[in-house]
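Trainee: The structure is given below, and queries will be raised subsequently.
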């Protein structure tokens, strides 16, 4: 399967940076838990044993420490923001780096005896594997971090939270890890659609260069407008944004999403087969 | 046989190819000659569907291009088509992975012929060795046609000699070869056929031995006539 | 296979980690409590149709919760589609209308104030236009004949609409082929008069405004603030005699440090008779302990009911809107069940019964529930909401009861 | 075998001529095995098709012969060999005469000079 070979190849190309990203995330989060928990324990000791504040009063003032709280510290948000930024950047780099430099690898990729759309699929698969990989690692990290917190802070001073509660309390994590499986598919489905549209726009640019950049932007904007059209149109013609019932809206958006994805793949197929230029 | 029929290509308003036609036969070395900017590279890119053409068609053994074409025609561009961080062995592994027509025996033979070390990284190769490695990637494929873009330009004399040897060897025997060059001296005796390009059209197209037999002229003589005008 | 190990590792980690997460999530029961009604008096049957909706807050977590005598449902337990359909927070009357008249209800507000129905028709009346432009110009009236499914849609100009910044429809009623609208109009030029309560009559046959009556003008003196809002709650889709507003006034005061603060002054209840347009007002002295909230009053027929704390508990008072007279004698007394501070009182009248939910700051029993039979003038249910199945030490939780419904 | 070719005469003719010179000079003996077409192309740095053409031409002229799958060999036909020698001599004499005639030198003087030069070079 050439597709799998290409995916493997793309993954291997990114793996070093990826491991660095994973490393930073793991180290920073675990360090964050240890540092913050120790700080808190320090505060507890200071207040209760030195200043002789009653325990209840201390808790009233400072509250218990919890993983949910920690996820909102820079130790967590920093590396996660970094990973997001890196992957967003990589969305572009995954295509453009094949053209850049004196070793124009795109020649080789386009000359592989396989359907060229496989390049498109392999790149999108790689992006998704990388994203889901980070999510998976985060899901593995949370129980571990919970354990560290449990070891450092005694029971009375911490709120015991389940993984789901930590995710909900963090606020942002529930975007990547919604608690319902269907929502997971919806969020990543929308993500998939956005990436497919972006890749199509990139292929426009790669095919027609400056003119293509314009076409790509027009394409992206059109897809966005189409996707939002049920809301925009109802708002524009004055019947109100809630003209459709939520489950109708869901089905309409689902259909529009599928149309946008299908159209983008069709256009990408055409561009990469007939219009792309080295 | 590769048939290029009346192909046209524009970059913006500039017409780079303005109806180019020629054929390249199996078992022959066809040389596209033109001073820089004559669209030689564009023609090779077009044959490999690496750039769209605005008119005309290209047939390979009578068929239009499709994905299996890349198992029949190998293109060796003027820069190496592998990632700089790969080692030679990894690059060969990559080719072996994707091409059914990869001939490992031939690849190993070329490796020792060019005296390349498999563990060396592509980014650390000398110019000459990069060119040789690039050549290896194409030559080790059991394809019917080989396209080479300026295989001799910008490399040292010894590498050039070594590469020239390839043209008289079994490595390309029986295959059809199209090479581009802007400088004919080194290879005048190596080629069968010349396609002279200028301003996006074919000015003249002849077999070298026939030219010598019938007109008593060298290729350079013809070039002089053509380009001095 | 050797060279694929990185790809394989990543894929396996993803499948195992994400898979395990969603499998455990799917099978895990949440650790939130089940709430039950513990009755000190009465029969559980009498509150079987009561549904409390609100938010359960635990630490930093919060989610919606709906409590009936049968079960406690948290929003995370709902399917995605139920969550989409907002089924916790939509009033049952609206849900029923949406089910029965899906096409007609399309795009309408999910609020009972703008909708009225009788046996034969459903009417919707609202200010046309979207919320962004803030342009008030006309009412849109939509009428559905329940039998023939015929729709009548028309718009009428709001008289003197240029005078108003904003017009909010507070109640709609369908009376004798006329649509009666009670609106709160916010004036553009707020020198003295800030708001007006209007009663419009729109003739459905002529499709015209046939009456525009200013029921009340809220004029304010200097150094006074006021707020005017509708107070009675409940399902208003069927005919209701009265629309009741409350006006609070605040005096601007200065403390010894020169900081301004507001002190509540006189309040006034304003009840509009939907049929006659007559207005009954009831001055409420500041010392009367009413919770100034949109849902502490209930109207049943021509009677208005509300609670007044008297230190030991509550008196349930009745105000006859027709006679504009307060019955001196409370219809019943409710004991204060707990010394916990009261967070909120909500009162609704339905089927000649008064339902009262008092939310208190207590984790053992976060709410008291009463049902009063208005005909017999006696308390028939007296109970508490108590959590069951509080797992582990859980720590503090809070339950906010945002609303409750009485299903018919 | 290594040679420089001029660019204006067909290369295959130049190749044949080299063979003839070597045969005439006895550097290639009758029946001697000669390189394969590809080996020749490689040695001379010429297009293998050109080498092929040269061999084909030489076979037609009976200068070389090929028995089944064996390598080609120089002809053993005395008459052909003699003809090659004579052809080359005649060709050389022809061009010499053509070059000298315009100077109008008496034949005796020329012969004397030729003898002298011939001995010096040998």
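Chains as they are written, first to last, in our numbering: chain A, 5 to 282; chain B, 89 to 317; chain C, 6 to 413; chain D, 1123 to 1244. Idealized CB from N, CA, C, for every residue including glycine.
1) State the Cα-Cα distance for the pair residue 1123 of chain D and residue 161 of chain B, rounded to the nearest angstrom.
2) Using a Cβ-Cβ cut-off of 7 Å (strictly less than) and excluding sequence neighbours within five positions of residue 269 of chain A, which residues of its own chain qualify?
3) At least one CB of chain C closer than 8 Å to the CB of residue 208 of chain A: is that the case?
4) If you draw a straight line from the alpha carbon of residue 398 of chain C to that of residue 150 of chain A, how long is it in whole angstroms?
5) Out of curiosity, what's the CA-to-CA distance linking residue 110 of chain B and residue 296 of chain B?
6) Taking the C-alpha atoms as reference points, what is the distance between residue 230 of chain C and residue 254 of chain C?
7) Provide the residue span of the beta strand (DSSP E) that contains residue 236 of chain B, from first to last.
8) Between which two residues does the beta strand (DSSP E) containing residue 251 of chain C stretch?
9) With a CB to CB cut of under 6 Å and the five nearest residues on each side skipped, what residues in its chain are close to residue 128 of chain B?
10) So residue 270 of chain B is in the alpha helix (DSSP H); what residue range does that whole segment cover?
11) Check whether the stretch 110-123 of chain C and the stretch 246-261 of chain A are in contact - that is, three or more C-beta pairs closer than 8 Å.
12) Please decide whether residue 197 of chain B counts as near chain D, where near means a Cβ-Cβ distance under 8 Å.
13) Could you check if residue 300 of chain B is buried or exposed, using at least 16 other CB atoms within 10 Å of its CB as the buried criterion?
14) Please identify, using Cβ separations under 7 Å, the residues of the stretch 162-181 of chain B that lie next to chain A, in order along the chain.
15) Based on DSSP bridge pairs, tell me the residues matched to residue 1203 of chain D.
16) So that I know if they touch, is there some Cβ in chain A lying closer than 8 Å to that of residue 220 of chain C?
17) Any chance the stretch 196-208 of chain B sits against the stretch 146-166 of chain B, with 3 or more Cβ pairs inside 8 Å?
18) Could you give the residue range of the beta strand (DSSP E) that holds residue 348 of chain C?
19) Using C-beta distances below 7 Å, list every residue in its chain close to residue 275 of chain A, excluding the 5 sequence neighbours before and after it, in chain order.
20) Mind checking if residue 1124 of chain D is an interface residue toward chain B, Cβ cutoff 8 Å exclusive?
21) Roughly how many whole angstroms lie between the Cα atoms of residue 235 of chain B and residue 1233 of chain D?
22) CB-CB under 8 Å to residue 196 of chain A, same chain, minus the five flanking residues each way: which ones, in chain order?
23) Taking the Cβ atom as the reference point for each residue, do residue 106 of chain B and residue 289 of chain B lie within a distance shorter than 8 Å?
24) Indicate whether the contact test is met: 3 or more Cβ pairs, each with one atom in the stretch 216-225 of chain A and one in the stretch 111-129 of chain C, closer than 8 Å.
25) With distances taken Cα to Cα, identify the nearest neighbour of residue 11 of chain C among A:8, A:16, A:10.
26) Is the beta carbon of residue 282 of chain A sitting closer than 8 Å to the one on residue 138 of chain B?
27) Using DSSP with H/G/I as helix, E/B as strand and the rest coil, what is residue 307 of chain C?
28) Could you tell me whether the Cβ of residue 1137 of chain D comes closer than 8 Å to any Cβ of chain B?
29) Report the residue ranges of all alpha helix (DSSP H) runs contained in full by the stretch 1142-1226 of chain D; include only those spanning at least 4 residues, in chain order.
30) Would you call the stretch 18-35 of chain A and the stretch 28-38 of chain C touching, i.e. three or more CB-CB distances under 8 Å?
31) Using a Cβ cut-off of 8 Å (strictly closer), state whether residue 1134 of chain D contacts chain B.
32) Since residue 2 of chain A meets chain C, which of its residues come closer than 7 Å, beta carbon to beta carbon?
33) Can you check whether the C-beta of residue 1191 of chain D is within less than 8 Å of a C-beta belonging to chain B?
34) Give the residues of chain A in contact with residue 185 of chain B, contact being defined as C-beta atoms less than 7 Å apart.
35) Report yes or no: do three or more beta-carbon pairs, one from the stretch 68-88 of chain C and one from the stretch 1134-1144 of chain D, lie closer than 8 Å?
Mentor: Taking the coordinates as given:
1) For the purposes of this step, residue 1123 of chain D is taken as the residue at position 1 of the fourth chain. For the purposes of this step, residue 161 of chain B is taken as the residue at position 73 of the second chain. Here residue 1123 of chain D scores only 46 on pLDDT, less than 50, and its place in the model should not be relied on; the value that follows carries that caveat. Just so you know, the alpha carbons of residue 1123 of chain D and residue 161 of chain B end up roughly 34 Å apart.
2) Here residue 269 of chain A refers to the residue found at position 265 of the first chain. So the list reads 200, once near-sequence residues are dropped.
3) Reading the first chain from its first residue, position 204 is the one you call residue 208 of chain A. No, residue 208 of chain A does not count as interfacial toward chain C.
4) Within the third chain, the letter at position 393 stands for residue 398 of chain C. Within the first chain, the letter at position 146 stands for residue 150 of chain A. Here the model assigns residue 398 of chain C a pLDDT of 48, short of 50, so the residue's position is not dependable, and the following value carries that caveat. Take the alpha-carbon of residue 398 of chain C and the one of residue 150 of chain A: they are about 17 Å apart.
5) Here the question's residue 110 of chain B lines up with position 22 in the second chain. Here the question's residue 296 of chain B lines up with position 208 in the second chain. Going from the Cα of residue 110 of chain B to the Cα of residue 296 of chain B covers about 15 Å.
6) As a first step, residue 230 of chain C must be located in the third chain, where it is residue number 225. As a first step, residue 254 of chain C must be located in the third chain, where it is residue number 249. Residue 254 of chain C has its alpha-carbon roughly 6 Å from the corresponding atom of residue 230 of chain C.
7) Residue mapping note: residue 236 of chain B aligns to position 148 of the second chain, counting from 1. Residue 236 of chain B -> beta strand (DSSP E) spans 233-237.
8) Residue 251 of chain C sits at position 246 when you count from the first residue of the third chain. It spans 247-259 - the beta strand (DSSP E) in which residue 251 of chain C sits, taken as one unbroken run.
9) Numbered from its first residue, the second chain carries residue 128 of chain B at position 40. Shown here for residue 128 of chain B: same chain residues with a beta carbon closer than 6 Å to its own, the five before and five after excluded, namely 120, 122, 268 in chain order.
10) Counted from its first residue, the second chain places residue 270 of chain B at position 182. Where residue 270 of chain B is concerned, there is no enclosing alpha helix (DSSP H), given that its DSSP letter is neither H nor E.
11) A contact exists between the stretch 110-123 of chain C and the stretch 246-261 of chain A.
12) As a first step, residue 197 of chain B is located in the second chain; it is residue number 109 there, counting from the start. No, because no Cβ of chain D sits closer than 8 Å to the Cβ of residue 197 of chain B.
13) As a working mapping, residue 300 of chain B is identified with position 212 in the second chain. Counting Cβ neighbours within 10 Å, residue 300 of chain B comes out buried, since at least 16 surround it.
14) If the cut-off is 7 Å between Cβ atoms, the stretch 162-181 of chain B has 163, 165, 167, 168, 169, 170, 171, 172 near chain A.
15) Translated into positions along the fourth chain, residue 1203 of chain D becomes position 81. By DSSP's assignment, residue 1203 of chain D forms no beta bridge with any residue.
16) Counted from its first residue, the third chain places residue 220 of chain C at position 215. With 8 Å as the cut-off, residue 220 of chain C does not count as an interface residue toward chain A.
17) Judged by Cβ distances under 8 Å, the stretch 196-208 of chain B makes no contact with the stretch 146-166 of chain B, as fewer than three pairs qualify.
18) Position 343 of the third chain, counted from the start, is the residue given in the question as residue 348 of chain C. DSSP places residue 348 of chain C inside the beta strand (DSSP E), whose first and last residues are 347-355.
19) Walking along the first chain from the start, residue 275 of chain A turns up at place 271. For residue 275 of chain A, where only same-chain residues beyond five positions count, the Cβ hits under 7 Å are 207, 208, 211.
20) For the purposes of this step, residue 1124 of chain D is taken as residue 2 along the fourth chain, with counting starting at 1. Confidence at residue 1124 of chain D is low in this model, with a pLDDT of 48, below 50, so the placement of that residue should be treated as unreliable; the coordinate-derived value is given next. Judged by the 8 Å Cβ criterion, residue 1124 of chain D is not in contact with chain B.
21) Working through the second chain from its first residue, we reach residue 235 of chain B at position 147. Working through the fourth chain from its first residue, we reach residue 1233 of chain D at position 111. Between the C-alpha atoms of residue 235 of chain B and residue 1233 of chain D there is a straight-line separation of about 58 Å.
22) The sequence position of residue 196 of chain A within the first chain is 192, counting from 1. Result list for residue 196 of chain A: 128, 132, 265, in chain order.
23) The count along the second chain starts at 1 and reaches residue 106 of chain B at position 18. The count along the second chain starts at 1 and reaches residue 289 of chain B at position 201. With a cutoff of 8 Å on beta-carbon distance, residue 106 of chain B and residue 289 of chain B are scored as near each other.
24) Too few Cβ pairs lie closer than 8 Å, so no.
25) Here the question's residue 11 of chain C lines up with position 6 in the third chain. Among A:8, A:16, A:10, the Cα nearest to that of residue 11 of chain C is on A:16.
26) The sequence position of residue 282 of chain A within the first chain is 278, counting from 1. The sequence position of residue 138 of chain B within the second chain is 50, counting from 1. Yes.
27) As a first step, residue 307 of chain C is located in the third chain; it is residue number 302 there, counting from the start. Here residue 307 of chain C sits in coil by DSSP.
28) Within the fourth chain, residue 1137 of chain D is the residue found at index 15, counting from 1. Not an interface residue.
29) Secondary structure remark: continuous alpha helix (DSSP H) runs of at least 4 residues inside the stretch 1142-1226 of chain D, in chain order: 1159-1166, 1170-1182, 1200-1222.
30) The count of Cβ pairs closer than 8 Å, one atom from the stretch 18-35 of chain A and one from the stretch 28-38 of chain C, stays below three, leaving the stretches out of contact.
31) What you label residue 1134 of chain D is simply residue 12 of the fourth chain in a count that begins at 1. Cβ-Cβ to chain B under 8 Å: yes for residue 1134 of chain D.
32) As shown, chain A starts at 5 and ends at 282. That puts residue 2 of chain A outside it, with no answer to give.
33) Taking the fourth chain and counting its residues from 1, the one referred to as residue 1191 of chain D is at position 69. Output row for residue 1191 of chain D: interface = no.
34) Within the second chain, residue 185 of chain B is the residue found at index 97, counting from 1. Simply 9.
35) Output reads no: the stretch 1134-1144 of chain D does not touch the stretch 68-88 of chain C.
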